[in-house]
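Position one of the sequence shown corresponds to residue 65 (my numbering), numbered consecutively onward.
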Amino acid sequence: GLPEAIVGTAGSEGGAVGLHCRTQVRNTLADSVREPMPIGQVTFSISSTDNPWLPEIDHILLSEDTEAATVNGRLGPIDPLVPVAMSARIGGITDVEHSYDPVNDVRQMELRGLEGGPLLIGHMKHIDGDLENATRQSATVSNRPSTFNLTQTSEAMTYSASDPIGTITYGGESATQRNAIRLEGLPAAFSLVLGDTVGYVANEPMERIQIQMTNATTPLTMDGDHFRFWVNEDIGEASLSVAISEVTSIQRLSPLEPGSTGPEGNSRIEMTRAESAPFNIILEDETDHVDRFKGMNGRIAVDPLPADITVAYPSAVDSTGLELPTFDDGDGVEALSFFLGDLVDFGSVVNDLVYGMTVDLGGVTTEANNMSLGIDLVTGEAFNVTADVRKGSNVNEEPDWVHGLHANFNEATLVSFNYSRMPTFTLTSRSVVDEILEDYKVTPSEAPAFIEALKLANVSYAEIAANILEDGVVLDSELEGVDTSAWVDQGISIELRRAWHLKSWMPSLPSGRIFLEYDFRMIGDVPVYEIDLAMDAWQPLREQFSLIINGLEGRDAQIIIDGLDTSKPNNILANAVFSTQDNLTVPRVSIDMTYDLGTRLDSVHAIFIDRRAETRVEALIIGVPQSMDFSSTIGDIFLINVTVPTQYQTRDGFSADSLMIQQMRYVDDQWWPATAFMRNLPGEMRLAAQPEKEFDIRADISFQGMMTLDYKSNTEDMDLYLAASGRAVDTKGDVLMLAEGLPKTFVMKATDDWGMRIDSDGQGVERVYMKQTDYPSAPGVTIDRVEVIGENLRSATIHVYTGPGEYPVIVLDDITDGRIIASAEISVEPGYYVPFLGDWNVEGRGVLLDTQFTGIIPTASSIGVNGMVTDLSLIGTLSGGAVETRHVLLVEPVTSLIASGLAMIF
Numbered sequence: 065g066l067p068e069a070i071v072g073t074a075g076s077e078g079g080a081v082g083l084h085c086r087t088q089v090r091n092t093l094a095d096s097v098r099e100p101m102p103i104g105q106v107t108f109s110i111s112s113t114d115n116p117w118l119p120e121i122d123h124i125l126l127s128e129d130t131e132a133a134t135v136n137g138r139l140g141p142i143d144p145l146v147p148v149a150m151s152a153r154i155g156g157i158t159d160v161e162h163s164y165d166p167v168n169d170v171r172q173m174e175l176r177g178l179e180g181g182p183l184l185i186g187h188m189k190h191i192d193g194d195l196e197n198a199t200r201q202s203a204t205v206s207n208r209p210s211t212f213n214l215t216q217t218s219e220a221m222t223y224s225a226s227d228p229i230g231t232i233t234y235g236g237e238s239a240t241q242r243n244a245i246r247l248e249g250l251p252a253a254f255s256l257v258l259g260d261t262v263g264y265v266a267n268e269p270m271e272r273i274q275i276q277m278t279n280a281t282t283p284l285t286m287d288g289d290h291f292r293f294w295v296n297e298d299i300g301e302a303s304l305s306v307a308i309s310e311v312t313s314i315q316r317l318s319p320l321e322p323g324s325t326g327p328e329g330n331s332r333i334e335m336t337r338a339e340s341a342p343f344n345i346i347l348e349d350e351t352d353h354v355d356r357f358k359g360m361n362g363r364i365a366v367d368p369l370p371a372d373i374t375v376a377y378p379s380a381v382d383s384t385g386l387e388l389p390t391f392d393d394g395d396g397v398e399a400l401s402f403f404l405g406d407l408v409d410f411g412s413v414v415n416d417l418v419y420g421m422t423v424d425l426g427g428v429t430t431e432a433n434n435m436s437l438g439i440d441l442v443t444g445e446a447f448n449v450t451a452d453v454r455k456g457s458n459v460n461e462e463p464d465w466v467h468g469l470h471a472n473f474n475e476a477t478l479v480s481f482n483y484s485r486m487p488t489f490t491l492t493s494r495s496v497v498d499e500i501l502e503d504y505k506v507t508p509s510e511a512p513a514f515i516e517a518l519k520l521a522n523v524s525y526a527e528i529a530a531n532i533l534e535d536g537v538v539l540d541s542e543l544e545g546v547d548t549s550a551w552v553d554q555g556i557s558i559e560l561r562r563a564w565h566l567k568s569w570m571p572s573l574p575s576g577r578i579f580l581e582y583d584f585r586m587i588g589d590v591p592v593y594e595i596d597l598a599m600d601a602w603q604p605l606r607e608q609f610s611l612i613i614n615g616l617e618g619r620d621a622q623i624i625i626d627g628l629d630t631s632k633p634n635n636i637l638a639n640a641v642f643s644t645q646d647n648l649t650v651p652r653v654s655i656d657m658t659y660d661l662g663t664r665l666d667s668v669h670a671i672f673i674d675r676r677a678e679t680r681v682e683a684l685i686i687g688v689p690q691s692m693d694f695s696s697t698i699g700d701i702f703l704i705n706v707t708v709p710t711q712y713q714t715r716d717g718f719s720a721d722s723l724m725i726q727q728m729r730y731v732d733d734q735w736w737p738a739t740a741f742m743r744n745l746p747g748e749m750r751l752a753a754q755p756e757k758e759f760d761i762r763a764d765i766s767f768q769g770m771m772t773l774d775y776k777s778n779t780e781d782m783d784l785y786l787a788a789s790g791r792a793v794d795t796k797g798d799v800l801m802l803a804e805g806l807p808k809t810f811v812m813k814a815t816d817d818w819g820m821r822i823d824s825d826g827q828g829v830e831r832v833y834m835k836q837t838d839y840p841s842a843p844g845v846t847i848d849r850v851e852v853i854g855e856n857l858r859s860a861t862i863h864v865y866t867g868p869g870e871y872p873v874i875v876l877d878d879i880t881d882g883r884i885i886a887s888a889e890i891s892v893e894p895g896y897y898v899p900f901l902g903d904w905n906v907e908g909r910g911v912l913l914d915t916q917f918t919g920i921i922p923t924a925s926s927i928g929v930n931g932m933v934t935d936l937s938l939i940g941t942l943s944g945g946a947v948e949t950r951h952v953l954l955v956e957p958v959t960s961l962i963a964s965g966l967a968m969i970f
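(1) Name the residue from THR374, ASN458 and VAL496 whose alpha carbon lies nearest to the alpha carbon of VAL442.
(2) Just checking: is the beta-carbon of LEU118 within a distance shorter than 9 Å of some beta-carbon in chain B?
(3) From the DSSP output, in three-state form, read off GLN711 for me.
(4) Per DSSP, what kind of secondary structure is ARG762 in: helix, strand or coil?
(5) Mind checking ASN91: buried by the 16 CB within 10 Å criterion, or exposed?
(6) Specify, as a first and last residue, the run of the beta strand (DSSP E) that GLU334 falls within.
(7) Please confirm whether ILE624 and LEU469 have their CB atoms less than 9 Å apart.
(8) Could you tell me how far apart the beta carbons of VAL538 and ALA517 are, in whole angstroms, since I believe they sit closer than 8 Å?
(9) Within 10 angstroms of its Cβ, does MET286 collect 16 or more other Cβ (buried), or is it exposed?
(10) Which same chain residues, not among the five before or five after GLY618, have their C-beta less than 8 Å away from its C-beta?
(11) To the nearest angstrom, report how far apart SER112 and THR233 are at their CA atoms.
(12) For the putative contact between GLU889 and ASP825, defined by C-beta atoms under 8 Å, what is the C-beta separation to the nearest angstrom?
(13) Closest by CA to ILE308, which one among VAL295, ALA341 and ASN330?
(14) Along the chain, which unbroken stretches of the alpha helix (DSSP H) at least 4 residues long are found entirely within the segment 266–317?
(15) Which residues does DSSP list as the beta-bridge partners of GLY591?
(16) Going by DSSP, what residues sit across from ASP823 in a beta bridge?
(17) Give the range of the beta strand (DSSP E) segment to which THR663 is assigned.
(18) Just mark ALA860 as buried or exposed, buried being the case when its beta carbon has 16 or more other beta carbons within 10 Å.
(19) Take every Cβ of the segment 293–306, pair it with every Cβ of the segment 259–277, and state whether three or more of those distances are shorter than 8 Å.
(20) Report the rounded CA-to-CA distance for GLY177 versus SER163, giving the unit in angstroms.
(21) Is the beta carbon of PHE672 closer than 9 Å to that of VAL653?
(22) Starting from ASN448, follow its DSSP beta bridges and name the residues at the other end.
(23) Quick check: the Cα distance between LYS757 and GLY615, rounded to an integer number of angstroms?
(24) Excluding the five sequence neighbours on either side, which residues of its own chain have a C-beta within less than 6 Å of the C-beta of HIS669, listed in chain order?
(25) Out of ASP165, LEU83 and GLY186, which one is the CA nearest neighbour of ILE124?
(26) Report the option in PRO746, GLN727 and ASN361 whose CA atom is closest to the CA atom of PHE718.
(27) Would you decide whether VAL829 is buried or exposed? Buried here means 16 or more other CB atoms lie within 10 Å of its CB.
(28) Would you kindly report the start and end of the unbroken beta strand (DSSP E) that includes PHE514?
(29) Tell me, which residues are paired with ARG242 by DSSP?
(30) Out of curiosity, what's the CA-to-CA distance linking PRO957 and MET820?
(31) Would you list, in sequence order, the uninterrupted beta strand (DSSP E) runs of no fewer than 3 residues that lie entirely inside the segment 721–764?
(32) How would you write the range of the alpha helix (DSSP H) that TRP997 sits in, first residue to last?
(33) Report buried or exposed for GLU398, applying the criterion of at least 16 other Cβ atoms within 10 angstroms of its Cβ.
(34) What three-state label does DSSP hand SER937 in the structure shown?
(35) Would you mind giving the Cβ-Cβ distance between VAL295 and ASP349, rounded to the nearest angstrom? I have them listed as a contact below 8 Å.
(36) Mind reading off the beta-carbon distance from ILE333 to ILE364? Whole number of angstroms is fine, and I expect it under 8 Å.
The structure is reproduced here in structure tokens:
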């Protein structure tokens, strides 16, 4: 009959049902045309039980009595003819069609007729007429277009109409969930997308969207465009409130590989609006988390929110499980009832998705994990961003407010116990272990109790566990040789966790493109950090900008830029790659940077502290050029390359006024520095200071492993200061070098025959001073100090030969000009060779006999104690540098012994 035809077609098995109003049933009148004719009004109610209806408004209302499994028939209880009641009042329609294609999973609904007033579409699910506790929901359309079409698939719902709709107001309520959505100024066509991508897409902007989904006792919202999410997992309540205006599209794209490393593991949020407006975000998690690394709370203000924005962030949550309820649980209107009944609880699924994305954002990490964060947006006006966001509750030090960003991270290894696998892990032992691990660390004083508790629980590697938890962070390298699967079988699991607190104040961000991406990757065993920044037409509000990130991957980083141009907008482009090789005896820090800041800066100050490798690197540049390609490696070697485009160099070809770079190593409870200062940096420079790597035990060892220097530039006036303690670079002795007025080329290297060569071009080095201290030269002999001072040096070659009686003969060749003064102090422990002298330490004196040759002719001779002096400035001037001299220095043993004895007495 008719009731069955209405409620039992177009369901999960497919089919179509339609209502068509025409001027005549068939085209039987010769002089007339059969055409659609709108019906005045249709009012009907079809049900097998009592059902509600609305006599004063156009509506379509479905009502399902979940207790009405049977009804009384003539011959007793029978199945209800109408399992889902329907009441409707509607006028001015000509056609209504509903069809479903089960093969392609496509459902289509279409209505045609005259434009109408408000229309309510509602659904109720009740128990035997109990409307007070019923699940209720309805959507009220302010005005009905003359035609509209709705097409639904498993991944999208598409709506199109002849005219825009003023407002659609939706409200849904169940025993545990309440949802409300208000759409104002709805365009004539739009799509709702679900699956890997979740969102709303239209060709024209919607005036305003307001959404509230909650099961909270007191729902929370706020004024203006906003996103507010509140959750208390302890009582199982959550509240989501969103309002945004002039939206054309908003989508959330799931990661290509959820939980993966790098950019492919990032989720993206994309939004397009017709115009910008202020936007505020509040995140509130009032859950009392046992895991103190969980829970996100914060405030973010964007004034105004740009019209186009894309934000990328790491996420292990995809949205493929976020699907609209289907019609496939029944047939026809019965299936529609099931769909609408499930739609109310769809709000709780959305809240779960938001909670999953925020509760532990960026909070799980391992030594091998990569992470990428980014923002990419285009704006039509300047805007301000202020943010104060905290994840977790155990970040002890609060970040400072800066013009830029300051974030503090707390990382620790969380130890979890599966008590079902630990039958001998008594409550007493648990209490001891829980108290020790309250701060995630096992101190040396706590280690014995911790080890004893684990051994009583039959846990393997108890001593190793106490040792690697001393600093609270367990690295993969510390687990080498440990069977972690045995720990899992015994009920212990470990996970490196992260909490963080971020504050950012970025006023006057530019009207144009802003691209910022932070990428962390492990390449081999080397952690690599990359920062990309691009901003169009940025006119900063303050001259100083700070980027401070402390505790991320056990490292602190701080960059402070001073002297930004606040008077006009400039384009900014920068890329910086940082890496640390911790697997070397002396860790190496490498920096590769390319930038164009649009203006010259006063200074850039950077500090990088690696707490795991116990190193500290600091750099300060004064007078920073507008654009530069810069690379540097600091550790047991010092490499620096600088290239500044010609148009950004000074008139004399310089780049920066001065540069300081320092690396410090923490060894034996003390910091040991290696420092470089440079003044008048050239526009192009290549400098390499690194130890010689060629060795031969059969040759003289005086210069084997020496620190070489290779310098090339485009100017002749750079001043250089190098100082390194031996423990900072893992070499014998401490080294100091000062050079004033370096030429374009200056080389200090080992020769092929195991000597040392100093060479330069032009007029040579104006002044140079080199000093080495605490240098063990032989068993029982330590060079306390060696100093060399030179002026106007162009070249020199030094060899050390062994003469009769193992006495050294020092030969200086190829000296063409300048002055050299050299001196040394030596301490000797005779007890090394004569044991009965014990630890006696005496100051050694060496008497040097210096013979100077010009060609093969001896031209001068001198004698000195622990040193020598030579002056070739006059000869060099007279000969134009064409004359090369040679110095042969001999240590005279008898006189040296007498001098050492006198030094000991006096």
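Where is the CB? At the ideal position from N, CA and C, for every residue including glycine.
Considering the structure as presented:
(1) Among THR374, ASN458 and VAL496, the Cα nearest to that of VAL442 belongs to THR374.
(2) Within the model displayed, chain B is absent; a lone protein chain is all it includes.
(3) helix
(4) coil
(5) So ASN91 ends up on the exposed side.
(6) 330–337
(7) The Cβ-Cβ distance between ILE624 and LEU469 does not fall below 9 Å.
(8) Not a contact, Cβ separation roughly 18 Å.
(9) exposed
(10) GLU475, VAL537, ASP674, ARG675 and ARG676
(11) 30 Å
(12) Going by Cβ atoms, the distance from GLU889 to ASP825 rounds to 34 Å, so no, they are not a contact pair.
(13) Closest by alpha carbon: ALA341.
(14) none
(15) Note that residue 591 is Pro in the sequence shown, not Gly. In DSSP, PRO591 forms a bridge with MET586.
(16) VAL811 and SER859
(17) Taken as a continuous stretch (DSSP letters only), THR663 belongs to no beta strand (DSSP E), as it is neither H nor E.
(18) buried
(19) yes
(20) 18 Å
(21) yes
(22) ASP367
(23) 36 Å
(24) Excluding sequence neighbours, HIS669 sits near ILE624 and LEU684.
(25) The residue with the shortest Cα to Cα distance from ILE124 is GLY186.
(26) PRO746
(27) buried
(28) Element bounds for PHE514: not the beta strand (DSSP E) but the alpha helix (DSSP H), 511–520.
(29) GLU237 and THR278
(30) Note that PRO957 scores 49 on pLDDT, short of 50, meaning its location in the model is unreliable; the coordinates nonetheless yield the value given after this. Rounded to the nearest angstrom, the gap between the Cα atoms of PRO957 and MET820 is 25 Å.
(31) 722–731, 734–743 and 748–755
(32) Nothing about residue 997 can be reported from this structure: the residues present for the chain run from 65 to 970 only.
(33) Confidence at GLU398 is low in this model, with a pLDDT of 42, below 50, so the placement of that residue is unreliable and no value is reported for it.
(34) Because SER937 sits at a pLDDT of 48, beneath the cut-off of 50, its placement in the model cannot be relied upon, and the point is left open.
(35) So it is a contact: roughly 5 Å between Cβ atoms.
(36) 13 Å between Cβ atoms; not a contact.
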